[in-house]
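Number of protein chains: 2
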Amino acid sequence: MSKGYIQVYTGNGKGKTTAALGLAIRAIGAGKKAFIGQFVKGMHYSELDAIKTHLNNIEIKQYGLDCFIVNKPEEKDIIAAKKGLDEMKNIILSGKFDVIIMDELNIALYYKLFDVKEVLDILKRKPAHVEIVITGRYAPEPIIDIADLVTEMKEIKHYYQQGVQARKGIEL
Amino acid sequence: MSKGYIQVYTGNGKGKTTAALGLAIRAIGAGKKAFIGQFVKGMHYSELDAIKTHLNNIEIKQYGLDCFIVNKPEEKDIIAAKKGLDEMKNIILSGKFDVIIMDELNIALYYKLFDVKEVLDILKRKPAHVEIVITGRYAPEPIIDIADLVTEMKEIKHYYQQGVQARKGIEL
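Each protein sequence line maps, in turn, to chains U and B.
Residue numbering for the first sequence follows the working numbering, beginning at 59 and increasing consecutively.
Residue numbering for the second sequence follows the working numbering, beginning at 59 and increasing consecutively.
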């Protein structure tokens, strides 16, 4: 079993969650097992259908509510996120999954849904073979520091600027 | 059917091909059909296994040889790439696929395996509903110009710097 690292995908450009999804696909192609936990998100994304229908070596769970946080998080957002972090802690420490994606973890940290120290504690205790993939804009310094690989997705041009709405099967 | 756009993922950071893969997954989750053509690459990547085994709504083909171009391309690299572009042209114009990924197209252009004008001609003639996703570092100006969305994947930190080799199921 190869050593696992900590990867971070951050920045304001499109492609962070999809890059993590692609990593999960590549992992199962090599016989590995992947887990995707999505913080903050509780809305329906098309990847949920694709994974549940076709990909039984990938497990996916959402730890967010069915609407985005608008101004500041409410008590229920914090409860959902804390529950998610607890669950993911057990999943990571169990060593049963080779690739574990903490989707939008950085956003959960940005909204202070839980403390970065709790996350660092989990990451430091991860089994050696487990690869962790963290996504979301605004990755805080302690996450960048502990990561082995960091990619910033930088928006150069975006069709939202042309007024294009998020589309099913592309953004959702 | 929603209007399709042209997306580009470029830059020196990790996550370009995996972001495109993730888009293909999201697309099929919404009942769309996806095609992935990989230029320059002919080596075995784990996503090939994942897609062939689990995902029959995604078609994937490689238009490269089994080793990377080291210094300058040989005649056989050019032949393989031109054949790929011809095939992808037909696939794009047929309108049978909703999301079409031209993986490492920018690298093929960088090595002048074919002319950017040929690519622009195809892109201008694409059926309205087709979404095109182009990956590879060194995206040339004309590709950036014609694109509706461009994300630069910027390497902030990479474990290759620590001497980590590409790993099966993560990079391969």
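Yeah, the Cβ is synthetic: ideal placement off N, Cα and C, and Gly gets one too.
Of the residues the options, the one placed nearest residue i, counting alpha carbons only
i: Q96(B); options: P185(B), A197(B), N164(B) and E132(B); result: N164(B)
i: D179(U); options: E189(U), L79(U) and P200(U); result: P200(U)
i: S152(U); options: L167(U), L181(U) and K72(U); result: L181(U)
i: I228(B); options: T76(U), A85(U) and A77(U); result: A85(U)
i: D107(U); options: A224(U), L79(U), T209(U) and C125(U); result: L79(U)
i: H231(B); options: G87(U), V98(U) and K91(U); result: In the structure displayed, chain B extends from 59 to 230; residue 231(B) sits before or after that span and is not available.
i: I231(U); options: G73(U), S60(U), L81(U) and K61(U); result: Nothing can be reported for residue 231(U), as the shown portion of chain U is limited to 59 through 230.
Min CB distance residue i to chain B below 8 Å
i: M211(U); result: yes
i: A224(U); result: no
i: Q120(U); result: no
i: E189(U); result: yes
i: L81(U); result: yes
i: Q96(U); result: no
i: T84(U); result: What sits at residue 84(U) in the sequence shown is Arg, not Thr. It does; some Cβ of chain B falls within 8 Å.
Buried versus exposed, by CB contacts within 10 Å (16 or more), residue i
i: S104(U); result: buried
i: I64(B); result: buried
i: V128(U); result: exposed
i: T111(B); result: exposed
i: E210(U); result: buried
Min CB distance residue i to chain U below 8 Å
i: G142(B); result: no
i: A186(B); result: no
i: D206(B); result: yes
i: Y67(B); result: yes
i: A88(B); result: yes
i: K215(B); result: yes
For residue i, the residue or residues it bridges with in DSSP
i: D161(B); result: Q96(B)
i: Q120(U); result: Q96(U)
i: Q219(B); result: DSSP, once it has assigned bridges, lists no residue as partnering Q219(B).
i: K212(U); result: E210(B)
i: Y67(U); result: T193(U) and T209(U)
Residue i Cβ short of 7 Å to the ligand GTP heavy atom set
i: G100(U); result: In the structure shown, the ligand GTP is absent, as is every other ligand, since no ligand is present at all.
Tell me, please, whether the region 115–132 of chain B touches the region 114–122 of chain U by the rule of three or more beta-carbon pairs shorter than 8 Å.
Cβ pair count under 8 Å is below three, so no.
Within 9 Å of chain C by C-beta, residues of the region 100–117 of chain U in sequence order:
Looking for chain C here will not work: the only protein chains present are U and B.
Should the region 202–220 of chain U be called in touch with the region 154–174 of chain B, which here means at least 3 C-beta pairs below 8 Å?
As far as the Cβ criterion goes, the region 202–220 of chain U does not touch the region 154–174 of chain B, which means the pair count is below three.
Does the region 60–77 of chain U come close enough to the region 128–144 of chain U to have 3 or more Cβ pairs within less than 8 Å?
Below 8 Å, too few C-beta pairs join the region 60–77 of chain U and the region 128–144 of chain U to call them touching: fewer than three.
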